[in-house]
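Q:
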Amino acid sequence: MLVKTHSWNVSPQEAVALQRRLAAQVITEDRLDQIHSVAGVDVGFEEQGKITRAAVVVLRLADLSLVEQAVARQPTRFPYIPGLLSFRECPAVLAALEKLTVMPDLLLCDGQGVAHPRRFGIACHLGVLTDLPSIGVAKTRLVGQHGPVPDERGGWIPLVDKGETVGAVLRTRTGVNPIFISVGHRISLVTALHYVMVCTTRYRLPETTRAADKLASGSGK
DNA sequence: GCGACAG
DNA sequence: ATCTTGTCGC
-9 MLVKTHSWNV SPQEAVALQR RLAAQVITED RLDQIHSVAG VDVGFEEQGK ITRAAVVVLR
51 LADLSLVEQA VARQPTRFPY IPGLLSFREC PAVLAALEKL TVMPDLLLCD GQGVAHPRRF
111 GIACHLGVLT DLPSIGVAKT RLVGQHGPVP DERGGWIPLV DKGETVGAVL RTRTGVNPIF
171 ISVGHRISLV TALHYVMVCT TRYRLPETTR AADKLASGSG K
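Residue numbers are given in this note's numbering: position 56 of the first sequence equals residue 46, and the series is strictly consecutive.
#1: Please report the residue range of the beta strand (DSSP E) in which A124 lies.
#2: How would you call I71, buried or exposed, if buried means at least 16 neighbouring beta carbons within 10 angstroms?
#3: Any idea what DSSP makes of R78, helix, strand or coil?
#4: Going by Cα to Cα distance, which pick from L122, F170, L132, G134 is closest to P144?
#5: So the candidates are A45, D53, G103; which of them puts its Cα closest to the Cα of A82?
#6: Check whether the Cβ atoms of G219 and T162 sit closer than 8 Å, and answer yes or no.
#7: Can you name the start and end residues of the alpha helix (DSSP H) that V188 belongs to?
#8: State the CB to CB distance for the pair R25 and L116, rounded to an integer number of angstroms; the pair is presumed to be in contact (CB under 8 Å).
#9: Evaluate the contact criterion for the stretch 77 to 92 versus the stretch 147 to 154: three or more CB pairs, one atom per stretch, below 8 Å.
#10: Tell me where the alpha helix (DSSP H) around A13 begins and ends.
#11: Between the stretch 6 to 18 and the stretch 33 to 48, can you find at least three pairs of beta-carbon atoms closer than 8 Å?
#12: Alpha carbon to alpha carbon, what distance is there between V127 and D100?
#13: Taking T190 as the reference, which of V33, D53, T18 has the closest Cα?
#14: Between L122 and P94, is the Cβ-Cβ spacing less than 8 Å?
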């Protein structure tokens, strides 16, 4: 699939300025068609972090069966800085997405969407550059506060930062730590929660994320 | 100045 | 994220 891009050869200061500019393009309401396929994206590292390995898996929403998958490896060229994760991981992820022969209808990204200091986490960045609806699925919090999360599967509570609801803390499995969901692009929070639940069957994380994680860290191709 | 801090 | 063995619990 074709994706837009911009220079990644930027300093942390320039990256912040770029986020502020691109954040204006994020759409936080539903602008999506019928969803038939969902892509999971994740990144792993090799050789002590020297190499970034991005993986993308496309699953059929109806039964979560595999449609296509792709991997891209590149030298790592940006450090991990909280708030600037996308500048470290996006280049490899975009390379993996370009290898796909089918365009997924929705993107589930490993990390935050608008639950970010400048409301532009990696899910927003990937959503804007691909122009695909996207959702941020994170295992831990970056910003925001929240009250107690309901114990039952499917229960959730708003994640609030500076007086603004930026996401939700969702219990995907009873008795298991919740995950942090936020809008990436072209989707509302409630719709995002719906699709995350549809993709989550018997584990804490969505099958899309789990499949992408295996591809990103495993030794396969 | 101190503490927090996606992956 | 990654480096790493066994261990606790359902």
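Idealized CB from N, CA, C, for every residue including glycine.
Please read all numbers here as calculations on a predicted model, not as lab measurements.
A: With the given structure in hand:
#1: The sequence shown places Ser at residue 124, rather than the Ala named in the question. For S124, the enclosing beta strand (DSSP E) begins and ends at 124 to 128.
#2: Classification of I71: exposed, given that the 10 Å Cβ count is below 16.
#3: R78: helix per DSSP, three-state reduction.
#4: Looking at the sequence provided, one finds Gly at residue 144 rather than Pro. Taking only the C-alpha atoms, the option nearest G144 is F170.
#5: Among A45, D53, G103, the Cα nearest to that of A82 is on A45.
#6: Because the chain is modelled from -9 through 211, residue 219 falls outside the range shown and cannot be assessed.
#7: Membership of V188 in the alpha helix (DSSP H) is indicated by the continuous run 179 to 189.
#8: Inspection of the sequence shows that residue 25 is occupied by Ile rather than by Arg. Contact flag wrong, Cβ pair sits at about 17 Å.
#9: The stretch 77 to 92 vs the stretch 147 to 154: no contact.
#10: Neither: A13 is in no alpha helix (DSSP H) and is coded neither H nor E.
#11: Inter-segment contact for the stretch 33 to 48 and the stretch 6 to 18 is absent: fewer than three beta-carbon pairs are separated by less than 8 Å.
#12: Taking the straight line joining both Cα atoms gives about 5 Å.
#13: Minimum Cα distance to T190 is reached at D53.
#14: Yes, the Cβ-Cβ distance between L122 and P94 is below 8 Å.
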